[in-house]
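For the sequence shown, the working numbering gives the first residue as 267, with consecutive numbering after it.
Glycine is no exception: its CB is placed at the ideal position from the N, C-alpha and C atoms.
Let me begin by presenting the structure, written as structure tokens, before commenting on it.
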Amino acid sequence: MSGKKLNIGLFGFGCVGFGLYEVLQKTPGLKADIKKICVRDRLKKREIGAENFTFEASDIFNDAEINVVVELIDDADAAFEIVSAALKSGKAVVSANKKMIAEHFTELLELQREYNVPLLYEAACCASMPIIRNLEEYYDNDLLESIEGIVNGSTNYILTKTFKENLTYEAALKEAQEKGFAESNPILDTGGFDAKYKLLILLAHSFGYIAKPADLFNIGIDKIGQLELKYAKEKGLKIKLVAKAFKNINGDISAFVLPKFVSPEDRLFNVDDVFNGVITKTSFADEQFFVGKGAGAHPTASAVLSDISALGYGYKYEYKKISQQEGEASLNAVLSDDVMLKVLLRHETADGETLKKHFISIDESYLNHESGYITGTISLEQLREVEGGDLKQSFILL
Numbered sequence: 267m268s269g270k271k272l273n274i275g276l277f278g279f280g281c282v283g284f285g286l287y288e289v290l291q292k293t294p295g296l297k298a299d300i301k302k303i304c305v306r307d308r309l310k311k312r313e314i315g316a317e318n319f320t321f322e323a324s325d326i327f328n329d330a331e332i333n334v335v336v337e338l339i340d341d342a343d344a345a346f347e348i349v350s351a352a353l354k355s356g357k358a359v360v361s362a363n364k365k366m367i368a369e370h371f372t373e374l375l376e377l378q379r380e381y382n383v384p385l386l387y388e389a390a391c392c393a394s395m396p397i398i399r400n401l402e403e404y405y406d407n408d409l410l411e412s413i414e415g416i417v418n419g420s421t422n423y424i425l426t427k428t429f430k431e432n433l434t435y436e437a438a439l440k441e442a443q444e445k446g447f448a449e450s451n452p453i454l455d456t457g458g459f460d461a462k463y464k465l466l467i468l469l470a471h472s473f474g475y476i477a478k479p480a481d482l483f484n485i486g487i488d489k490i491g492q493l494e495l496k497y498a499k500e501k502g503l504k505i506k507l508v509a510k511a512f513k514n515i516n517g518d519i520s521a522f523v524l525p526k527f528v529s530p531e532d533r534l535f536n537v538d539d540v541f542n543g544v545i546t547k548t549s550f551a552d553e554q555f556f557v558g559k560g561a562g563a564h565p566t567a568s569a570v571l572s573d574i575s576a577l578g579y580g581y582k583y584e585y586k587k588i589s590q591q592e593g594e595a596s597l598n599a600v601l602s603d604d605v606m607l608k609v610l611l612r613h614e615t616a617d618g619e620t621l622k623k624h625f626i627s628i629d630e631s632y633l634n635h636e637s638g639y640i641t642g643t644i645s646l647e648q649l650r651e652v653e654g655g656d657l658k659q660s661f662i663l664l
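Structure follows, in structure tokens:
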């Protein structure tokens, strides 16, 4: 597609869609224009003229001049239909829908290969931060040891407010919703699901491993209570929701999303508000740190714009690590829960003795009249078992 003018068919004109429209107006050097925008609501008042819109997807798919489809809608199922149809019609696609990509990664990979058209989705992971392309281009599978970071701006904003301004979780969540950082039903963010979808995508580009959402363990921030907040403040720590994937000694991979206590020495300690931060660790380069805004219309639109620009130069993901996994049986890593983690487990007082049995070793235990906590080492497998049971508790990595 190098040298060709990019004519865009856009699906969705919410905050990010309008943000993309605005940033395109401010980048005249990019040979790309939005030719038609497909929306669902016929009655909604728009910021630009009605002549820019259509209510029929076929108006975009059947337009031979449109060579790029940009999908920016919330509905993951509808997004998959749009992206699939676009790829089958031979049009390049840019998407920001992490849930759709994570749930249909294998199918989308096969469609790209079958129809020989690219799908780019940098904005689906860390908004303004170009982590996917760096993982694709600069980190060899054999050298990358781990990737860890804050990949959800909404929860980071909420946690920042609870620590910096002593807001309650409920008050911080309400403020995040009012500012558009969290949805009216925020469980996708606060339950750690958004971070899990992003980790699934990063896992494929980091280690060539394609996982399904059910494969990865996730705990969000919605169960964090006053005991954990008090523990953090007394010890000079912060709590961050962290997504992590790493290679074990035997070559298997472990991955999860969990809240984590971070100390001032940790690179993630000062990643606050809606910012994202990702740490990569390699065999020879040691640690590298990426940081950037992880929420908001313009940061997300900037990543979409970057993908559109890349299409102008014929860029596509090569999925080299996935191809390595497919081509060499010796490289086929397994997603393993056989890994030990240091955690703080907060529990109701009556459940303490039952929960202690799941730990490999215990460093400290504390009880009051209503609740208590245990710090120690537990396997990821046991963590899954406890979380899936009937007892009430919360886990935070130490």
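Taking C-beta separations shorter than 7 Å and ignoring five residues to either side along the sequence, the partners of Y423 in its chain run A442, F447, D539 and V540, following chain order.
Only buried fits M366, as 16 or more other CB atoms lie within 10 angstroms of its CB. Uninterrupted alpha helix (DSSP H) stretches at least 4 residues long and entirely within the segment 351-430 occur at 364-369, 371-381, 389-392, 397-404 and 419-430, given in chain order. In this chain, K462 is not harboured by any beta strand (DSSP E); it is covered by the alpha helix (DSSP H) spanning F459 to F473.
Rounded to whole angstroms, the gap between the alpha carbons of K496 and N542 is 24 Å. With 16 or more other CB atoms across the displayed protein chains lying within 10 angstroms of its CB, N333 is buried. Secondary structure at L664: coil, using DSSP grouped into helix, strand and coil. Taking all protein chains shown into account, M606 has fewer than 16 neighbouring C-beta atoms within 10 Å of its C-beta and is therefore exposed. In chain order, V282, G285, L286 and V289 place their CB closer than 6 Å to the CB of A567, counting only its own chain and leaving out the 5 sequence neighbours on each side. In the assembly as shown, E531 is an exposed residue. Its beta-carbon has fewer than 16 other beta-carbons within 10 Å. Per the C-alpha coordinates, the member of F459, L401 and I314 positioned closest to T421 is F459.
Collapsing the DSSP output to three states places L524 in a strand. As DSSP reads the structure, F541 sits in a beta bridge with K559. For the pair of segments examined, the segment 427-445 was found not to touch the segment 387-406: the number of CB pairs separated by less than 8 Å stays below three. Within the same chain, and ignoring the five residues on either side of S645 in sequence, the residues whose Cβ sits closer than 8 Å to its Cβ are D603, D604, V605, M606, L607 and I626. If you ignore the 5 residues before and after K297, its C-beta comes within less than 7 Å of the C-beta of K271, L272 and G578, all in its own chain and listed in chain order. Here T566 is not bridged, per DSSP, to any residue. When Cβ pairs closer than 8 Å are counted between the two stretches, the segment 500-517 is seen to touch the segment 410-418, the count reaching three or more.
Taking the Cα positions, L571 is about 22 Å away from L375. The residues T641 and G642, in chain order, have a CB closer than 6 Å to that of D629 in the same chain once the five nearest residues on each side in sequence are set aside. Beta-bridge analysis with DSSP links Q554 to T546. 8 Å or more divides the Cβ of A498 from the Cβ of F535. For S324, the enclosing alpha helix (DSSP H) begins and ends at S324 to F327. Non-local beta-carbon contacts of L633 in its own chain, meaning distances under 8 Å to residues more than five positions away in sequence, involve T615 and G618 in chain order. DSSP places D604 outside both helix and strand once states are collapsed to three, so it counts as coil. N484 sits in a strand when the DSSP states are folded into three classes.
Per DSSP, reduced to three states, the secondary structure at I476 is coil, with no helix or strand assignment.
Around the beta-carbon of V600, fewer than 16 other beta-carbon atoms lie within 10 Å, marking it exposed. By a beta-carbon distance limit of 8 Å, I505 contacts E494. Their separation comes to about 7 Å. Inter-residue distance for H624 and S660 is about 14 Å (C-alpha atoms, whole angstroms).
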